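Same order as they appear, the protein sequences are chains A and B.
Every position in the first sequence, counted from 1, becomes a number in this note's numbering once 137 is added.
Every position in the second sequence, counted from 1, becomes a number in this note's numbering once 137 is added.
Only one structure is covered here, and it is reproduced in the block below.
Protein chains: 2
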Amino acid sequence: MMKIIVDCHGNDLGASVAVQGSLSAIRKYDDISVVLVGLEDEIKKILLTYDYDENRVEVYPASEIITNEESPTEAVKTKKDSSLCKAFEFLKLDKDAVGLVSCGSTGAVLTASFLKAGRIKGVSRPALCPILPTQNNGKVMLIDSGANVDCKPINLCHFALMASAYAKAFLGKENPSVALLNIGTEDKKGNEFSHECFKLLSKMPINFVGNMEARDFLSGKYDIVVADGFYGNILLKSVEGTVGFVLKELKTNIKQSFLSKIGALFMKRTFQNMKEKLNVSNHGGAAFLGVKKLVVKGHGAGDSLAFEQCIGQVRTLAKNNLCKVIESEISALGENFDE
Amino acid sequence: MMKIIVDCHGNDLGASVAVQGSLSAIRKYDDISVVLVGLEDEIKKILLTYDYDENRVEVYPASEIITNEESPTEAVKTKKDSSLCKAFEFLKLDKDAVGLVSCGSTGAVLTASFLKAGRIKGVSRPALCPILPTQNNGKVMLIDSGANVDCKPINLCHFALMASAYAKAFLGKENPSVALLNIGTEDKKGNEFSHECFKLLSKMPINFVGNMEARDFLSGKYDIVVADGFYGNILLKSVEGTVGFVLKELKTNIKQSFLSKIGALFMKRTFQNMKEKLNVSNHGGAAFLGVKKLVVKGHGAGDSLAFEQCIGQVRTLAKNNLCKVIESEISALGENFDE
Numbered sequence: 138m139m140k141i142i143v144d145c146h147g148n149d150l151g152a153s154v155a156v157q158g159s160l161s162a163i164r165k166y167d168d169i170s171v172v173l174v175g176l177e178d179e180i181k182k183i184l185l186t187y188d189y190d191e192n193r194v195e196v197y198p199a200s201e202i203i204t205n206e207e208s209p210t211e212a213v214k215t216k217k218d219s220s221l222c223k224a225f226e227f228l229k230l231d232k233d234a235v236g237l238v239s240c241g242s243t244g245a246v247l248t249a250s251f252l253k254a255g256r257i258k259g260v261s262r263p264a265l266c267p268i269l270p271t272q273n274n275g276k277v278m279l280i281d282s283g284a285n286v287d288c289k290p291i292n293l294c295h296f297a298l299m300a301s302a303y304a305k306a307f308l309g310k311e312n313p314s315v316a317l318l319n320i321g322t323e324d325k326k327g328n329e330f331s332h333e334c335f336k337l338l339s340k341m342p343i344n345f346v347g348n349m350e351a352r353d354f355l356s357g358k359y360d361i362v363v364a365d366g367f368y369g370n371i372l373l374k375s376v377e378g379t380v381g382f383v384l385k386e387l388k389t390n391i392k393q394s395f396l397s398k399i400g401a402l403f404m405k406r407t408f409q410n411m412k413e414k415l416n417v418s419n420h421g422g423a424a425f426l427g428v429k430k431l432v433v434k435g436h437g438a439g440d441s442l443a444f445e446q447c448i449g450q451v452r453t454l455a456k457n458n459l460c461k462v463i464e465s466e467i468s469a470l471g472e473n474f475d476e
Numbered sequence: 138m139m140k141i142i143v144d145c146h147g148n149d150l151g152a153s154v155a156v157q158g159s160l161s162a163i164r165k166y167d168d169i170s171v172v173l174v175g176l177e178d179e180i181k182k183i184l185l186t187y188d189y190d191e192n193r194v195e196v197y198p199a200s201e202i203i204t205n206e207e208s209p210t211e212a213v214k215t216k217k218d219s220s221l222c223k224a225f226e227f228l229k230l231d232k233d234a235v236g237l238v239s240c241g242s243t244g245a246v247l248t249a250s251f252l253k254a255g256r257i258k259g260v261s262r263p264a265l266c267p268i269l270p271t272q273n274n275g276k277v278m279l280i281d282s283g284a285n286v287d288c289k290p291i292n293l294c295h296f297a298l299m300a301s302a303y304a305k306a307f308l309g310k311e312n313p314s315v316a317l318l319n320i321g322t323e324d325k326k327g328n329e330f331s332h333e334c335f336k337l338l339s340k341m342p343i344n345f346v347g348n349m350e351a352r353d354f355l356s357g358k359y360d361i362v363v364a365d366g367f368y369g370n371i372l373l374k375s376v377e378g379t380v381g382f383v384l385k386e387l388k389t390n391i392k393q394s395f396l397s398k399i400g401a402l403f404m405k406r407t408f409q410n411m412k413e414k415l416n417v418s419n420h421g422g423a424a425f426l427g428v429k430k431l432v433v434k435g436h437g438a439g440d441s442l443a444f445e446q447c448i449g450q451v452r453t454l455a456k457n458n459l460c461k462v463i464e465s466e467i468s469a470l471g472e473n474f475d476e
C-alpha cells in the first residue's frame, strides 16, 4: 500500500485541517495510507474525534514547527526535529513512502526537498509548478513559479520536459502544449535570454508552440507556460493580486448603490462559485518537479479539502511513476541538454 | 499659445475620434491649439461637421498611415510621409509645438520618438510609463512597461527619476514613493539584477521604498513601480489579461443561473462603472519619458475621450516643463549615474 506523508504543521489553519483532510483522503482512496507528521499529542487528540481505519494511519512524531517568518535554509538546517524535516526523513527511510504533502512555508519545502529528497540525475534546477484555472474551465501549468531566480536556457528546457510529463500524469494530457513566457508571440520577441530559450526549446522532444504573452496566460490557449522563476513569480503573483483587486472593486462598487446591493443578493451564489474557481488553492497543490520523491505544496491557507486534494494528487502521480518518467526522459535528452 | 500635435491615424477607431477628441480638448482648455496630422481630405471632411475656433486648429497633411501589423522600425524609416512621421516633423520644426499625442502602433511611436525627437542628454534609455488604477481610487505608474527589454541597473535609476518628476508634474505628488518590482519585499530578495538595482536605487535622490511584489501592484501602496521593460511588460499584460479573465468569468457565471441574471439587471450600472474604472485607457495615456519632447501614447482602442485626455495630459506636462525638469535632474545626478 502506498504511504503518503503529510506535514501537519506550518499551514495557517494548523494540524486539525491536515488531519481531517488526510482522513477524508483515505476514505476516498482505498489504496493509500497516510503518515501524519507533527506534534504527537496534538495530532492524536485530533484523531480521537474521528472514526477511521487505524491500519492506514500512522503518526510520526516531531517536536518543532517551521513558520513562514523564518529563513527557509536556516530553519531546515537547524530545526532537525521539525514536522517538515521529519516528514522528509520518513519519506527517505520508508520504502512504501511515495510522496509528501505540505502546506507550510514554500521556501522551507523547496529547501528540504532539495537537501533531503535530492535531485533527479540530470536536473540541476528542480522547479515549482502550480496549476491555475483558465477560460472555458481549462487549466494551465506554470513552471518555474519562483524556485529559481537566475535560470539558464537549459534549465527552462528541463522545466518544459518535466511539466509535460506532469501534465500527462496528472491531467491526462497526451501531448500538452508548451509556450515560453515572453512579451510577444513572434519568434524573435523578447530579450537575449528569451531568444536563447526559444532556440533551445524548439529542439526539445515536446509540443513547443512558441512564445506567449502574459495577457494570454489564463486564456486556455496553452497547457504549460515555461519561464525563469523570476518572471514566473511576477506572473503568478500579479494574477493573484489582480483577481483580488477586481473582486474588491466589485464589492466596493456594489456597496455604493442600493440597486446593486439588491442585485448582489440574487447573485450571492454566483459570486461564491466565482471565488471558489478563482481560488488558486482549489486547483490542487504546486508540484515540486525534479526531486527524487513526489512533493506537493498546498496553499498555506488551504483547508482540509486542500490537503485531501494534494494527497490525491501525490497518489495519481505515484501511480503514474512521475519521478521515474522524468528521470528517464531527462537522461534520454543526451549530452546536448546537460547543464 | 501651446501647440499640441495629434497623430490622427493608426488607432482602431480612426481619424473621426481623433478629431472629435481634439476639438473637445480646445473647448476645454483655452490655452492650447491643436495640429491635426493625417490625410488632409478626410480630416477636413470631419472638421466640417463641427463648430470650432478655426484659429486654434491646424491641419498638417500626411499621405500614409502606419499600422500595428508593420515592423515599427521599418515603417518609421520608410513611411516618411506617414501621419506619425509628419507629426514628429511638425513637433521638431514649430517652436510652439510642445508635445505629441498618438494612439497608433506603440512600437512605431517609440521608434519615431527615439529617432526624431531625440533623447534627453544623459538618458540612454527612454521608457514607457503607463498609469493604472489602484485600490481606494489611487493610481500607480509603471516604468518601463516594455520599451527596453535588456536593461542595466543604471537604466532603472533613470526610470525612477523620470517617473518621479512625471508623478509630480502630472499627479501633483510631491514626494512619490518608488518601489522596485521584485519577487518579495525583503531587501535581499530577487535575482542578481534586482540586487544591483536595489543598491543603486537606494543611493538615488528619490523616495525609494524598497522591493515590492507583483501581488501588491494595484494595492495603492506605491506611486511608482520601476522595472526592466521585460518584467514590466509581463506585469502590465498579466494585469490586463487577468482583469479580462475575471470579468468574463463573472459573465459566464451569471448566464448560468436565472437568479443571478435577475441580479445582474440590478447591477448593470455597477458593472459598467467597474469596466470603466478597470479600463486602462481611461487613466490617461502612457508617457514616453526621456525624449526631448512630450510624447503621450494613448490606447489603440481609445475613443474621442481618450484623445481629449491625452491632449490634456500633454498640456499639464508642458505647463510643468517636464522635459526640462528631467534634463536638469538627470544632469544633477553626476558621473556616478552615467551609463
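Glycine included, C-beta positions come from ideal geometry on N, C-alpha and C.
Keep in mind it's a predicted model, so treat the numbers as computed, not measured.
Extent of the continuous alpha helix (DSSP H) run through residue i
{"i": "B:D178", "result": "177-185"}
{"i": "A:K276", "result": "Not the alpha helix (DSSP H): A:K276 falls in the beta strand (DSSP E), residues 276-280."}
{"i": "B:E191", "result": "Here B:E191 belongs to no alpha helix (DSSP H), and DSSP marks it neither H nor E."}
{"i": "A:N319", "result": "From DSSP, A:N319 is part of no alpha helix (DSSP H) but of the beta strand (DSSP E) over 314-319."}
{"i": "A:E498", "result": "Residue 498 of chain A lies beyond the range of chain A shown here (138 to 476); nothing can be said about it."}
{"i": "A:G244", "result": "243-249"}
{"i": "B:S261", "result": "Counting along the chain, B:S261 falls outside any alpha helix (DSSP H), and DSSP gives it neither H nor E."}
{"i": "A:Y166", "result": "First-last for A:Y166: undefined, no H or E at that position."}
{"i": "A:L337", "result": "329-339"}
{"i": "B:K305", "result": "Per DSSP, B:K305 belongs to no alpha helix (DSSP H) and is neither H nor E."}
{"i": "A:A469", "result": "459-470"}
Rounded straight-line distance, which links the Cα of residue j to that of residue i
{"i": "A:I320", "j": "A:E311", "result": "28 Å"}
{"i": "A:K398", "j": "A:E206", "result": "39 Å"}
{"i": "B:G158", "j": "A:K412", "result": "39 Å"}
{"i": "A:L372", "j": "B:S239", "result": "29 Å"}
{"i": "A:G381", "j": "B:D218", "result": "47 Å"}
{"i": "B:I163", "j": "B:M341", "result": "39 Å"}
{"i": "A:E226", "j": "A:A199", "result": "11 Å"}
{"i": "A:L221", "j": "B:A364", "result": "36 Å"}
{"i": "A:G275", "j": "B:S208", "result": "34 Å"}
{"i": "B:L293", "j": "B:D324", "result": "17 Å"}
{"i": "A:K181", "j": "A:A249", "result": "25 Å"}
{"i": "B:E476", "j": "A:A351", "result": "30 Å"}
{"i": "B:R193", "j": "B:K232", "result": "16 Å"}
{"i": "B:P290", "j": "B:A304", "result": "21 Å"}
{"i": "B:L160", "j": "B:N148", "result": "17 Å"}
{"i": "A:K165", "j": "A:T215", "result": "37 Å"}
{"i": "A:L317", "j": "B:F335", "result": "27 Å"}
{"i": "A:F251", "j": "B:N410", "result": "49 Å"}
{"i": "B:Q450", "j": "B:G422", "result": "8 Å"}
{"i": "B:A234", "j": "B:I257", "result": "17 Å"}
{"i": "B:F425", "j": "B:V246", "result": "9 Å"}
{"i": "A:T379", "j": "A:P270", "result": "14 Å"}
{"i": "B:G255", "j": "B:K429", "result": "6 Å"}
{"i": "A:S242", "j": "A:I448", "result": "18 Å"}
{"i": "B:H332", "j": "B:V315", "result": "16 Å"}
{"i": "A:A469", "j": "A:L298", "result": "11 Å"}
Continuous beta strand (DSSP E) stretch holding residue i: start and end
{"i": "B:F345", "result": "344-350"}
{"i": "B:A264", "result": "264-266"}
{"i": "B:I361", "result": "361-363"}
Integer-rounded CB distance, given that residue j should sit under 8 Å from residue i
{"i": "A:G369", "j": "A:N348", "result": "Not confirmed; about 15 Å, so no contact."}
{"i": "B:A306", "j": "B:N457", "result": "4 Å"}
{"i": "A:A284", "j": "A:P267", "result": "In fact, because the Cβ distance is near 11 Å, the residues do not count as touching under 8 Å."}
{"i": "B:L454", "j": "B:G236", "result": "7 Å"}
beta-carbon residue i near the ligand ZN non-hydrogen atom, thresh 7 Å
{"i": "A:Y368", "result": "For the structure depicted, the ligand ZN is absent and the ligand set is empty, with no information on it obtainable."}
According to DSSP, residues forming a beta bridge with residue i
{"i": "B:I141", "result": "B:V171, B:G236"}
{"i": "A:V196", "result": "A:L173"}
{"i": "A:P270", "result": "A:K276"}
{"i": "A:E201", "result": "A:S219"}
Q: Only counting runs of 4 or more residues, tell me where the alpha helix (DSSP H) segments fall wholly within the segment 379-444 of chain A, in order along the chain.
A: Residue ranges of uninterrupted alpha helix (DSSP H) with 4 or more members, entirely inside the segment 379-444 of chain A and ordered along the chain, are 395-415.
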